[in-house]
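As structure tokens, the structure follows; a few thoughts come after it.
Number of protein chains: 2
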Amino acid sequence: MGKSAGKTQLEPGLLCRNEDPVAFRELLTKVGDKWSIFTMLALSMLPGERARFSELNRSIPTISQRMLALTLRNLERDGLVIREVFAEVPPRVEYELTPMGQSLLPALQGLVDWVAGNSADVKLARAAFDTR
Amino acid sequence: MGKSAGKTQLEPGLLCRNEDPVAFRELLTKVGDKWSIFTMLALSMLPGERARFSELNRSIPTISQRMLALTLRNLERDGLVIREVFAEVPPRVEYELTPMGQSLLPALQGLVDWVAGNSADVKLARAAFDTR
DNA sequence: CCGTATCCGAAATGATACTG
DNA sequence: CAGTATCATTTCGGATACGG
Chain A
1 MGKSAGKTQL EPGLLCRNED PVAFRELLTK VGDKWSIFTM LALSMLPGER
51 ARFSELNRSI PTISQRMLAL TLRNLERDGL VIREVFAEVP PRVEYELTPM
101 GQSLLPALQG LVDWVAGNSA DVKLARAAFD TR
Chain B
1001 MGKSAGKTQL EPGLLCRNED PVAFRELLTK VGDKWSIFTM LALSMLPGER
1051 ARFSELNRSI PTISQRMLAL TLRNLERDGL VIREVFAEVP PRVEYELTPM
1101 GQSLLPALQG LVDWVAGNSA DVKLARAAFD TR
């Protein structure tokens, strides 16, 4: 069966299933982005599962107005968040997760939970490593 | 009960549990990093659940030597990966996940699975958004 | 083979000021 | 209120060359 000499190597498809590796990584990078994660989590936890721009800005520690705007626009473009504008004065804009956005929640929560549960051990590991 | 006027706002602790928000985000950013994810996933899927540097380099599409080295060192420092050096010539170095590293796997897999399952819809959403 | 050191262009992000 | 525009700084990451 072929001339395989035993070189171990993963098929690209194994790590980057069903598509172009670069596109796959691009999306993974977006949904794994810290501001995206916090924004989506905040939307899922705020009362009514929707929130205004300024509520999000207050709820996500230290996020800048600029990064929140950029993050929300990207999430909207990716179909994860819906933006609703009310014709009022002063202006009001509300955001909420789409069904696809909600379907991402468990995965994000899994990451966040792991970090919450292991940050102390990571801290210890770093201290031990840095001793050398 | 106080003078709350109904301002909606998440407690910082809700999104950044049990510690300093900045440190929490720092770790979340690291474990959510695309190269970290692919490196750990590759380690978990390669035969024997361990691999040499060059195997990883080949298995992770388009990763550069530099980024792989940096990623592996960070993972080792964080206690997620173990590096074992063999005193041979030519030199051989093998990497494997620690138990803590393995405990992170399901969360990473969750993200990757979501991306694999939803990238087509995201693509459609983007196309629709960009039409405007 | 397994890295590290250096350089450099590209991208991310914060601060600030301004607008509908 | 809900952004956008601009600028300055930092960080990321590839290419290349070298070393143990």
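Here the protein sequences come in this chain order: A and B.
Under our numbering, the final residue of the first sequence carries the number 132; numbering is consecutive throughout.
Under our numbering, the final residue of the second sequence carries the number 1132; numbering is consecutive throughout.
Positions of the beta carbon are idealized from the N, C-alpha and C atoms, including for glycine.
Neighbours of B/Ser-1064 in chain A, taken as residues whose beta carbon is under 8 Å from its own, are absent, since the nearest beta carbon is some 13 Å off.
DSSP, read as helix, strand or coil, puts B/Leu-1046 in coil. Under the Cβ distance rule, B/Met-1100 counts among the residues neighbouring chain A, one pair being separated by less than 8 Å. Remark: C-beta atoms of A/Leu-97 and A/Glu-49 approach each other more closely than 8 Å.
For B/Gly-1117, the number of other beta carbons within 10 angstroms of its own is below 16, and it is reported as exposed. Here A/Val-89 is exposed. Its C-beta has fewer than 16 other C-beta atoms within 10 Å. Contact with chain A is found for B/Phe-1129, since one of that chain's Cβ atoms lies less than 8 Å from the residue's Cβ.
If you check each beta-carbon in the stretch 112-123 of chain A against every beta-carbon of chain B, the ones closer than 9 Å belong to Val-112, Asp-113, Trp-114, Val-115, Ala-116, Gly-117, Asn-118, Ser-119, Ala-120, Asp-121, Val-122 and Lys-123.
Pairing B/Ala-1042 with B/Ile-1060, the inter-Cα distance amounts to about 7 Å. Judged by DSSP in its simplified three-state form, A/Ile-37 adopts helix. The contact set of B/Val-1093 on chain A, defined by CB atoms closer than 7 Å, is empty, because the minimum CB distance reaches about 15 Å. With a threshold of 8 Å between beta carbons, B/Thr-1071 makes no contact with chain A. Between the beta-carbon of B/Lys-1034 and that of A/Arg-25 there is about 5 Å, and that keeps the pair under the 8 Å contact cut.
Under the three-state reduction of DSSP, A/Val-89 is assigned to coil, being neither helix nor strand.
About 15 Å separates the beta carbons of A/Trp-114 and B/Ala-1023, which is beyond the 8 Å limit, so they are not a contact pair. Closer than 8 Å to the CB of B/Ile-1037 there is at least one CB belonging to chain A.
For the C-beta of B/Pro-1106, the chain A residues within less than 9 Å are, from N- to C-terminus, Gly-110 and Trp-114. When C-beta distances to chain A are compared with 8 Å, the residues of the stretch 1032-1056 of chain B below that value are Gly-1032, Asp-1033, Lys-1034, Ile-1037, Phe-1038, Leu-1041, Ala-1042, Met-1045, Leu-1046, Pro-1047, Ala-1051 and Glu-1055, in chain order. The beta carbon of A/Gln-109 sits closer than 8 Å to those of Leu-41, all from its chain and outside the five residues before and after it, given in chain order. With 16 or more other Cβ atoms inside 10 Å of its own Cβ, A/Phe-38 counts as buried. The beta-carbon of B/Pro-1090 is placed no less than 8 Å from the nearest beta-carbon of chain A. Chain-order list of chain B residues neighbouring A/Glu-76: Phe-1129, by C-beta distance under 8 Å.
Between the alpha carbons of B/Met-1100 and A/Val-85 lies a distance of about 45 Å. Under the 10 Å beta carbon count, B/Thr-1131 is surrounded by fewer than 16 other beta carbons and is classified as exposed. Boundaries of the alpha helix (DSSP H) harbouring A/Leu-27: 21-31, taken from the DSSP string. In this structure, A/Tyr-95 sits away from A/Val-112, with a CB-CB distance that is not shorter than 8 Å. In this structure, A/Ser-44 lies near A/Leu-105, with their beta-carbon atoms less than 8 Å apart.
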